[in-house]
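In our numbering, the protein residues as written are 23 to 322. Each residue gets a CB set at the ideal place from its N, CA and C atoms; glycine is no exception.
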């Protein structure tokens, strides 16, 4: 059997980390957006061997447990202990790892959904499994919840599937500009002194967004959050200001990656492309993914 899942890339605009001894009660408050590009996961399940084998590959290259501990942990939990056969999981990423696109969560959730489809399970249990191993292994706190919700999401109660609560904003036909410039370590940020500022500014941003729940307001609050926490500074801040000159809604920092994102109206796409091309910077323009991730048997 070959199963395919698609999980949207997820950009966090602002957030408040919520830690708890129970991984399903840990998570984050905040807001973000899901993209039409993301993580495609293919799971091949073949019986007939004498042992249970699980193999994972990133973009066609096999990876060991050290590089994919979260997805391996998800697979170990869902594949039955008495299964005799080969489980091969291929994860293909549209965006680079470590740049703030929720690749870790996307791979974990895509793996959980594909294997649950093959071996039996539910969306809730698959989501809980992915979220739990993300939290335990410190891959992230809120991406799984955001990816399950789709669209432009607002995490109003922290926790994993079945515990946390996510709402969605209405939005017009926006395109999303992304400018991925480098990596940031989620683990190092969440271990640092900046967490206090993130908690203070993130809660304030969430309260104001819920009073005025519009995508444009989210972007303005995201920019304010990024600057006040000190996460957006230096050359990246200067680039954001350059970008703001050719678009109508503020750009902001991808949380957590060294990059920017912005909502574009159709008549703003060309100007944004021209600016970034002149600056010789990498960028992409994509749509917003609405609804759940996709999962089903693959016949290709």
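Next item on the list: Using the Cα positions of residue 238 and residue 68, report the straight-line distance between them to the nearest angstrom.
Entry: Between residue 238 and residue 68, the C-alpha separation is close to 48 Å.
Item checked: Backbone CA spacing between residue 355 and residue 62 [nearest angstrom] -> Residue 355 lies beyond the residue range present for the chain, which begins at 23 and ends at 322; the question has no answer from this structure.
Note to self: For residue 70 and residue 107, what's the separation of their Cα atoms in angstroms?
What the structure shows: Rounded to the nearest angstrom, the two C-alpha atoms are 5 Å apart.
Note to self: On the DSSP letters alone, give me the boundaries of the alpha helix (DSSP H) that residue 250 sits inside.
What the structure shows: Here the alpha helix (DSSP H) through residue 250 covers 237-250.
Checklist line | Inside the region 55-138 only - alpha helix (DSSP H) runs reaching at least 4 residues | finding: Restricted to the region 55-138, the alpha helix (DSSP H) segments that are unbroken, complete and at least 4 residues in length are 91-100, listed in chain order.
Item checked: Buried or exposed (CB count within 10 angstroms, at least 16 for buried), residue 55 -> With 16 or more other Cβ atoms from the protein chains shown falling within 10 Å of its own Cβ, residue 55 counts as buried.
Margin query: Need the endpoints of the alpha helix (DSSP H) that residue 259 sits in, please.
Written below: That run of the alpha helix (DSSP H) goes 256-266.
Next item on the list: Would you mind giving the Cβ-Cβ distance between residue 46 and residue 185, rounded to the nearest angstrom? I have them listed as a contact below 8 Å.
Entry: With a beta-carbon spacing of about 5 Å, residue 46 and residue 185 fall inside the 8 Å limit used to define contacts.
Note to self: Whole angstroms are fine: how far does the CA of residue 65 sit from the CA of residue 110?
What the structure shows: Those two C-alpha atoms are separated by around 6 Å.
Margin query: Rounding to the nearest angstrom, what Cα-Cα distance links residue 297 and residue 304 in this structure?
Written below: If you take the alpha carbons of residue 297 and residue 304, they lie about 11 Å apart.
Notebook entry, point to check: Where does the unbroken beta strand (DSSP E) through residue 44 begin, and where does it stop?
Noted result: Where residue 44 is concerned, there is no enclosing beta strand (DSSP E), given that its DSSP letter is neither H nor E.
Checklist line | Delimiting residues of the beta strand (DSSP E) encompassing residue 11 | finding: The structure shown does not extend to residue 11, since the chain is modelled only from 23 to 322, so the question has no answer here.
Next item on the list: Could you work out which residue in 285, 293, 120 and 292 is closest to residue 173 when comparing CA atoms only?
Entry: Selected option, being the one with the closest Cα: 285.
Notebook entry, point to check: Is it buried or exposed for residue 311, if we count other Cβ within 10 angstroms and need 16 for buried?
Noted result: Classification for residue 311: buried.
Margin query: Once DSSP output is grouped into helix, strand and coil, what is the label at residue 164?
Written below: For residue 164, the secondary structure class from DSSP, reduced to helix, strand or coil, is coil.
Margin query: Within a Cβ cutoff of 8 Å, which residues of the same chain sit near residue 84, ignoring the five residues on either side of it in sequence?
Written below: Result list for residue 84: 77 and 78, in chain order.
Notebook entry, point to check: Can you tell me the Cα-Cα spacing of residue 262 and residue 72, whole angstroms?
Noted result: Rounded to whole angstroms, residue 262 to residue 72 spans 56 Å at the Cα level.
Notebook entry, point to check: Can you tell me whether residue 158 is buried or exposed, with buried defined as 16 or more other CB within 10 angstroms of its CB?
Noted result: Residue 158 should be labelled exposed.
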